[in-house]
Each structure stands twice: as structure tokens, then as C-alpha cells.
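Numbering (full-length UniProt numbering), first residue to last: 1 to 295. Glycine residues also receive a C-beta, built at the ideal position from the N, C-alpha and C atoms.
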Amino acid sequence: MNQATFIGVLAIVLWSVVVGLIRSITDQVGATAGAALIYSFAAVLLMIHGRGLGLRKITPRYFIIGGTLFVSYEVCLALAIGQSSSPTQAIEVSILNYLWPPLTAVLAVFVLKKPAKWLLWPGLFCSLWGVYTVLSGTAAPDLSAVTERIASHPTVYLLAFLGAIFWSLYCVATPTLTQGKSSSVTAFFAATAIVLWTKYFLEDAPAFSVSLGVLIEITCASLAIGLGYAFWNIGLQRGNVTLLAGLSYFTPVLSSVFASIYLSTQLNQSFWMGALMVSFGSILGWVATRNPNRQ
Numbered sequence: 001m002n003q004a005t006f007i008g009v010l011a012i013v014l015w016s017v018v019v020g021l022i023r024s025i026t027d028q029v030g031a032t033a034g035a036a037l038i039y040s041f042a043a044v045l046l047m048i049h050g051r052g053l054g055l056r057k058i059t060p061r062y063f064i065i066g067g068t069l070f071v072s073y074e075v076c077l078a079l080a081i082g083q084s085s086s087p088t089q090a091i092e093v094s095i096l097n098y099l100w101p102p103l104t105a106v107l108a109v110f111v112l113k114k115p116a117k118w119l120l121w122p123g124l125f126c127s128l129w130g131v132y133t134v135l136s137g138t139a140a141p142d143l144s145a146v147t148e149r150i151a152s153h154p155t156v157y158l159l160a161f162l163g164a165i166f167w168s169l170y171c172v173a174t175p176t177l178t179q180g181k182s183s184s185v186t187a188f189f190a191a192t193a194i195v196l197w198t199k200y201f202l203e204d205a206p207a208f209s210v211s212l213g214v215l216i217e218i219t220c221a222s223l224a225i226g227l228g229y230a231f232w233n234i235g236l237q238r239g240n241v242t243l244l245a246g247l248s249y250f251t252p253v254l255s256s257v258f259a260s261i262y263l264s265t266q267l268n269q270s271f272w273m274g275a276l277m278v279s280f281g282s283i284l285g286w287v288a289t290r291n292p293n294r295q
């Protein structure tokens with residue numbers, strides 16, 4: 001494993017800690033304020049790393065369309081995690097959000113006319129059944145249990161699912177919109193922070209205070225998100241793309257492991273079975289659509 005590939009693997013590890021940190025922060029300062037603080041810090045870190053917003057590196061169409069999809073995804077995911085009624089539900093909605101890899105593969109076939117093997121469809125079904133298993137909360141998946149769980153707090157599940165759609169659209173649209181230029185996300189992080197702060201002030205949310213412990217968590221979450229994107233780009237540009245893509249699909253499991261430990265939450269056997277199915281389904285979709293000639 002060369003250095004660039006190792007850096008790409010670090011990006012996967014960094015992203016895996018985000019869900020647990022976001023939930024812990026929002027528990028203490030509120031869902032909107034917590035997310036706004038995280039993305040503000042991350043935007044500043046990326047600006048320092050890239051020496052500015054990087055607007056000159058991106059095309060106007062990408063800035064408008066790609067930026068809208070990117071911001072929509074980040075806002076949906078952060079609020080879905082932060083507004084969940086419990087740490088367990090926050091981890092559940094993060095798994096629902098990880099439907100984006102198989103959805104991206106399907107969109108690539110229908111929108112980009114990308115060739116795909118038959119494994120695409122078993123992969124999509126496996127991921128969907130994995131989410132179904134996670135939400136059922138029992139060893140034998142139960143539709144009534146899934147319906148009851150979603151009905152208890154439909155907003156967070158809707159936000160997580162919309163986030164998966166927005167990110168899959170972003171992944172499919174980005175290659176065309178960037179026209180071979182850099183896809184700097186610094187400006188998008190800043191825009192995400194602005195949207196979240198606007199929401200915070202418009203909803204007349206209560207004031208919050210930031211303790212030293214929360215500040216440390218915000219810094220860690222910002223570093224994980226910001227450095228995650230920076231390290232991932234290095235891995236994609238100079239590392240083994242095939243290996244990194246395959247490993248990235250285990251992020252739902254790694255993220256759940258960290259979140260369950262960090263939030264002191266016990267997850268049952270059906271959850272872990274479902275999470276593994278989501279990862280396995282994503283891998284099948286990747287195998288079905290990947291270019292065998294690419295590294």
C-alpha cells in the first residue's frame with residue numbers, strides 16, 4: 001500500500017467518526033446550532049488548507065447545481081442525526097443515508113448510460129433489505145415494526161433518505177459539471193454553514209453555550225470532515241482507486257461501531273446484520289458498474 005492509498009484509508013476512518021461526534025455535539029447545543037458550528041469550523045479549516053474558497057477552480061454550472069445538491073445533502077444528514085430522538089435512532093438514520101452508493105450505481109446506468117453487470121440489482125435489493133432489517137429491530141424483519149418506527153419520527157428518516165438521493169445525484173452529476181476541473185468543496189462547506197445559521201436564526205432557537213468539551217468535539221468533527229475530504233482527494237488522485245472504493249463501502253459498519261462506543265449505545269444483532277447487508281449490497285453495485293481497466 002503506497003502513501004497516497006494509506007492517506008485515502010485514513011479518510012475512511014475519519015468519516016467513520018463523524019456520526020458519533022455530530023450526535024454528541026447536537027445533544028449539547030442543539031441540532032441546527034451544532035451542525036452550523038461544525039460546518040463553520042470545517043469551512044475555515046478547508047479555506048486555510050486551500051488558501052481560499054477555491055471559486056476559480058469550479059465552473060459556474062457546478063457551483064450552482066453541484067453546490068445545491070452538496071449543501072442539501074449535508075444539511076439533511078446533519079439534521080437527521082441531530083434531530084433523532086435517541087442515539088440509537090441517530091445511528092439508524094445514518095445507515096438509511098448509506099443507500100446512496102447503490103442509488104448512485106443505478107443512476108449511473110440510467111442517466112449516464114453506464115454499462116452494468118446483473119449484480120447491480122441483487123446489490124440494490126441487498127442494501128434495501130439491510131435497511132429494512134435495521135429498522136425492524138428484530139431478527140425476523142417485521143413490516144409493522146418498520147412502519148411504527150418510521151411513524152414515531154418521520155422527519156429524520158425522510159431527511160436521511162433525501163440525503164441519500166441528493167448525494168447520489170451529486171456523484172452522478174459532478175463528472176459532467178466539473179468538465180475536468182477541480183471539484184473544490186470549500187465553498188460548499190461555507191454555503192452549508194450559512195444555510196444552517198440562517199435556519200438557526202429564522203427558527204428563533206434558544207441560545208446555546210459552548211463548553212471546552214464541546215469545543216474539542218466540534219474541532220474533532222470539523223477536522224474529521226475537512227481532512228476526510230482532503231485525504232480522499234489525495235487517495236483518488238495518487239492511490240489505488242479500486243482498493244479505496246471497495247474499503248469505503250464498509251464505512252456504515254465502521255461508523256456504527258464508533259458511534260455505538262462513543263455514545264454508549266448497544267445495537268442488537270439485527271442491526272449489525274442489516275448494516276453488513278447495506279455494505280455488501282454497495283460492494284455488489286460497485287462491482288457491477290466499475291471499469292475493470294481502471295486501477
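Neighbourhood of residue i by C-beta, 7 Å cutoff - its chain only, sequence neighbours within 5 removed
i, result
"Ile165", "Leu103"
"Leu227", "Leu14"
"Ile65", "Ala173, Leu177"
"Ala36", "Ala193, Leu196, Trp197, Tyr200"
"Pro141", "Tyr132, Thr133"
"Ala205", "Gly30, Thr32, Ala33"
"Cys171", "Thr104"
"Thr5", "Gly235, Gly239, Asn240, Leu243, Leu244"
"Phe70", "Tyr170, Val185, Phe188"
"Thr155", "Gln83"
Beta-carbon proximity check, residue i vs residue j, cutoff 8 Å
i, j, result
"Gly275", "Ile95", "With the sequence shown as reference, residue 275 is identified as Ala, and Gly is not the correct amino acid for it. In contact: Ala275 and Ile95 (Cβ atoms closer than 8 Å)."
"Gly246", "Ala105", "no"
"residue 318", "Val253", "An answer regarding residue 318 cannot be provided, because it is not within the stretch 1 to 295 covered by the chain."
"Val93", "Ala151", "no"
"Gly78", "Asn97", "For clarity, residue 78 is Ala in the given sequence; the question names Gly instead. No; because the gap between Cβ atoms is not below 8 Å, this pair is not in contact."
"Gly123", "Met277", "no"
"Leu120", "Val109", "yes"
"Ile38", "Ile283", "no"
Sequence-distant residues of its chain with Cβ nearer than 8 Å to residue i (five each side left out)
i, result
"Phe267", "The question names Phe, but residue 267 in the sequence shown is Leu. If we look at Leu267 and ignore the five residues flanking it on each side, its Cβ neighbours are Thr88, Ile91, Ser256, Ser260."
"Phe125", "Gly281"
"Leu45", "Ser222, Leu223, Gly226, Leu227"
Cβ separation of residue i and residue j, assumed to be a contact under 8 Å, to the nearest whole Å
i, j, result
"Val17", "Ala230", "Incorrect: roughly 16 Å between the Cβ atoms, too far for contact."
"Ala190", "Gly67", "At roughly 10 Å, the Cβ-Cβ gap does not stay under 8 Å, so Ala190 and Gly67 are not in contact."
"Ser184", "Ile58", "6 Å"
"Gln28", "Val214", "5 Å"
Residue i burial status per 10 Å Cβ neighbour count (16 or more: buried)
i, result
"Ser211", "exposed"
"Val19", "buried"
"Pro101", "buried"
"Thr26", "buried"
"Ile216", "exposed"
"Thr289", "buried"
"Ala221", "buried"
"residue 296", "Any question about residue 296 goes unanswered here, given that the chain covers just 1 to 295."
"Leu99", "buried"
"Ser248", "buried"
"Gly137", "buried"
"Ile48", "exposed"
"Leu202", "exposed"
"Arg56", "exposed"
Cβ-based neighbour list, residue i, same chain, cut-off 6 Å, excluding 5 preceding and 5 following
i, result
"Ile7", "Phe231, Ile234, Gly235"
"Ser40", "Ala193"
"Leu135", "Val146, Arg149"
"His153", "Ser85"
"Ser72", "Phe166"
"Ala43", "Phe189, Ala190, Ala193"
"Thr265", "Pro87, Thr88"
"Phe62", "For clarity, residue 62 is Tyr in the given sequence; the question names Phe instead. Taken in chain order, the residues that qualify are Leu177, Thr178."
Taking the runs of the beta strand (DSSP E) that are 3 residues or longer, which of them lie wholly in the region 117 to 144?
-> Listed in chain order, the beta strand (DSSP E) runs fully inside the region 117 to 144 amount to none, counting runs of at least 3 residues.
Note down, one range per segment and in chain order, each beta strand (DSSP E) of at least 3 residues found wholly within the region 47 to 100.
-> Within the region 47 to 100, there are no complete beta strand (DSSP E) runs of at least 3 residues.
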